[in-house]
Amino acid sequence: MGSEVRIRLDGVGRRYGLRGRWVLRGVDLEVAPGALIRIEGANGTGKSTLLRLLAGLDAPTEGRVAGRPRTAFVPERFPAALPFTAAGYLTHLGAVHGLTRKAAARAADEWLERFGASGHARTPMAELSKGGSQKVAVAQALLAAPELLVLDEAWTGLDAAAREELERAVAERTADGTAAVFVDHDPRRLAEVTDTTYTVVDGALALRAAAEEAACPGRPRVVVEARGPAGAEPPGEVVRLAVSVAEAEGGAYRFGVTEPRSDAILRALLGARPPWHVVSVNLYEAGSL
Amino acid sequence: MTALLRYQAALLLRSQRWLPPVVLYAAALGIGVRSGQPVLDSLGWAAAVLLPVAAWLVRVCTTDEPPAARACAGAATGPGRAHLASLLVALCAAVLLGVLAVGVVTVISDPTSTNRRTPVPLGAASGAGLLAVLACALLGAAVGALTTRPVLRSPGRAVPALLLGALLALVVTGSPARAAVGALVDGSQEGSVPVPVVPVIVAALLAAAATAVACALTTRRSP
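The listed protein sequences correspond, in order, to chains U and V. Counting from 1, one number per residue, gives the positions in the first sequence under the UniProt record's numbering. Counting from 1, one number per residue, gives the positions in the second sequence under the UniProt record's numbering.
1. Name, please, each residue of chain V whose Cβ falls closer than 7 Å to the Cβ of U:Asp58.
2. Just to make sure I have the definition right: I need the residues of chain V whose C-beta is within less than 7 Å of the C-beta of U:Tyr16. Which are they?
3. For the region 108–142 of chain U, list every residue whose C-beta sits within 8 Å of some C-beta in chain V, in sequence order.
4. Is there a C-beta anywhere in chain V that falls below 8 Å from the one on U:Val181?
5. If you compare alpha carbons, which of U:Pro124, U:Phe73 and U:Trp111 is closest to U:Ala80?
6. Just the C-alpha distance for V:Gly140 and V:Thr148, rounded to the nearest angstrom, thanks.
7. Could you confirm whether any beta carbon from chain V is found closer than 8 Å to the beta carbon of U:Thr71?
8. Tell me whether U:Leu9 sits in a helix, a strand or coil according to DSSP, three-state version.
9. Is V:Thr118 closer than 8 Å to V:Val39 when the C-beta atoms are compared?
10. Could one say the Cβ of U:Gly2 lies closer than 8 Å to chain V's Cβ atoms, at least one of them?
11. I'd like to know if U:Val170 contacts chain V, where contact means its C-beta is closer than 8 Å to some C-beta of that chain.
12. Given a limit of 8 Å on CB to CB distance, which residues of the region 147–166 of chain U reach chain V?
13. Are the region 13–33 of chain V and the region 256–264 of chain U touching by the rule of at least three beta carbon pairs closer than 8 Å?
14. Which of the residues in the region 79–101 of chain V, read from start to end, lie with their CB under 7 Å from any CB of chain U?
15. Please check the pair U:Thr61 and U:Arg15, which I expect to be a contact at CB under 8 Å, by giving their CB distance rounded to whole angstroms.
16. Starting from U:Trp22, trace the beta strand (DSSP E) in both directions and tell me its first and last residue.
17. What did DSSP end up calling U:Gly56 once you bin it into helix, strand or coil?
18. Who are U:Glu62's beta bridge partners in DSSP?
19. Closest by CA to U:Leu148, which one among U:Arg52, U:Glu192, U:Val23 and U:Gly20?
20. By alpha-carbon positions, which one of U:Val96, U:Ser118, U:His97 and U:Leu90 ends up nearest to U:Ala105?
21. Classify U:Glu113: buried if its beta carbon has 16 or more other beta carbons within 10 angstroms, exposed otherwise.
22. Out of U:Ala95, U:Gly11, U:Arg227 and U:Asp202, point me to the one whose CA is closest to U:Arg254's CA.
23. Starting from the C-beta of V:Thr63, find all residues in its chain whose C-beta is less than 8 Å away, skip the five residues before and the five after it, and write them out in chain order.
24. Measure the alpha-carbon distance for V:Ala128 versus V:Val120 and round it to whole angstroms.
25. I'd like the list of long-range same chain contacts for U:Val279, defined as Cβ closer than 8 Å, with 5 residues on each side in sequence excluded.
26. For V:Thr218, tell me which candidate among V:Gly80, V:Val58 and V:Leu206 has the shortest Cα-Cα distance.
27. Can you give me, in chain order, the residues of the region 30–43 of chain U that have a beta carbon less than 8 Å from any beta carbon in chain V?
28. How big is the Cα-Cα spacing for U:Ala215 and U:Pro187?
29. Can you check whether the C-beta of U:Leu205 is within less than 8 Å of a C-beta belonging to chain V?
30. May I have a chain-ordered list of the alpha helix (DSSP H) segments no shorter than 4 residues that lie completely inside the region 86–129 of chain U?
31. Spell out the partners DSSP gives U:Leu149 in its beta bridges.
32. Buried or exposed for V:Gln16, going by 16 or more other Cβ atoms inside 10 Å?
33. Is V:Ala76 close to chain U? Criterion is C-beta to C-beta, closer than 8 Å.
34. Run through chain U and tell me which residues come within less than 7 Å of V:Arg153, C-beta to C-beta.
35. Please name the residue in V:Gly191, V:Val197, V:Ala145 and V:Pro196 whose C-alpha comes closest to that of V:Leu88.
36. May I ask you to list, following chain order, the residues of the region 73–90 of chain U that have a beta carbon less than 9 Å from some beta carbon of chain V?
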């Protein structure tokens, strides 16, 4: 489904000005399609610079960046000072992302509705609240199904429902093969579906220790029971999305999946050729699996 | 690229920041152009004052997007392409203004030389005027591109540099704008219509070089 264009940073360093201090140095990072990567680090350590390099907004001072997937970027704070309505801006950006104007206008309405902002579609951007304009920034990045999604504290300023919706949307996109790299101050953000967490320390990138990883508090999981054609193995896509796979009686399988990916796994089951029959979907609290 | 150009053009039109440079141009034409004056003289004036206006339009187009919005469009297409689109929209706006001015000037001016003895064919004169306007718009865009972000970011330096650059581009020997305007003025005195093609080519090369420098710098300067 997704593309095979992957972005790779080789020994990348960045400093501003000819004799400025190195903000980042010696960074090697490969982002595969479908990967969900979290970047951590104290303030001013170069997280945002790393994201700008990944988004192609900055060129490295040394080293190189190979591969340029179709990229979308969500800034931390999105200004309302644009002379468009929310839908008008999104239609323009959808077209810039490569959609036809018709498809862009349709996607704009869809995404505004998903984030509970369809009532603001015809509102001038200048009249939107901070949360409202952040919804527009997020919709802008999602509406053309990019190959690489770069989110710089994209959740800041969103209301609780929109924050959850954005988590779901990111999980959905990564299940579809979009690579996503994000920075966020909330350690639980997408914790169950994050593939790798890196920490920026003194301008270098370090993999976060596995012990810390395990300490992440869990959240509700969904158990999907489904039955395939006689003797069929579960589709690879479904296995990849699932946290656990267990055989049940009568040729059925039980798939444990994190809540943000539940829709994606159902879609994968129903979309398999031949399709699987979903017997039941249940919510389990963390730890009960 | 079409989508980017459309987005940038919409930004320019809806922001209404195009208004001051357009008013300036109209005022300059109102001062320097009277009906019944020799056509080539008036066309020379219309071309010359377009240069600072083009530079100003470039400044408007490259600064009318908030940085965060610029990052969104830049990530989608590459910041260099996004910047190129804003420069092209500014250039198109300047050329459009110049073409309108040439039309008006040709209609209201007298088809004679400066001493009113030699007739000057209006068709050929407006052709020469269009070339001169194009040369000045291109050179003005080059000045604008080199005196706005990402080349010069603080307005305290960028605006004086723009004014100085525009002035120098009009008076320095060897400037294609000066050559094109000078050709019209000389032609008016001699009663012959020049064809300032070389200044247009030189101005286009300078504008392309300035654009390349500006676009290449978009990812190399701090945000």
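Virtual Cβ for every residue (Gly too), placed ideally from N, Cα, C. Keep in mind that this is a model prediction, so the values were computed, not measured.
On the basis of the data shown:
1. Thr219
2. Ser222
3. Ala137, Gln140 and Ala141
4. no
5. U:Pro124
6. 12 Å
7. yes
8. strand
9. no
10. With a pLDDT of 44 at U:Gly2, under the threshold of 50, the modelled position of this residue cannot be trusted, and the question is left open.
11. no
12. Val150
13. no
14. Pro79
15. 5 Å
16. Trp22 to Val31
17. coil
18. U:Gly13
19. U:Arg52
20. U:Leu90
21. exposed
22. U:Arg227
23. Thr148 and Arg149
24. 11 Å
25. Glu225, Ala226, Arg227 and Ala252
26. V:Gly80
27. none
28. With a pLDDT of 41 at U:Ala215, under the threshold of 50, the modelled position of that residue is not reliable, and the figure given next carries that caveat. Approximately 11 Å between the Cα atoms of the pair.
29. no
30. 86–96 and 101–114
31. U:Ala72 and U:Ala180
32. exposed
33. yes
34. None at all; the shortest Cβ gap to chain U is about 12 Å.
35. V:Ala145
36. Phe73, Val74, Pro75, Glu76, Arg77, Phe78, Pro79, Ala80, Ala81, Leu82, Pro83, Phe84, Gly88 and Tyr89
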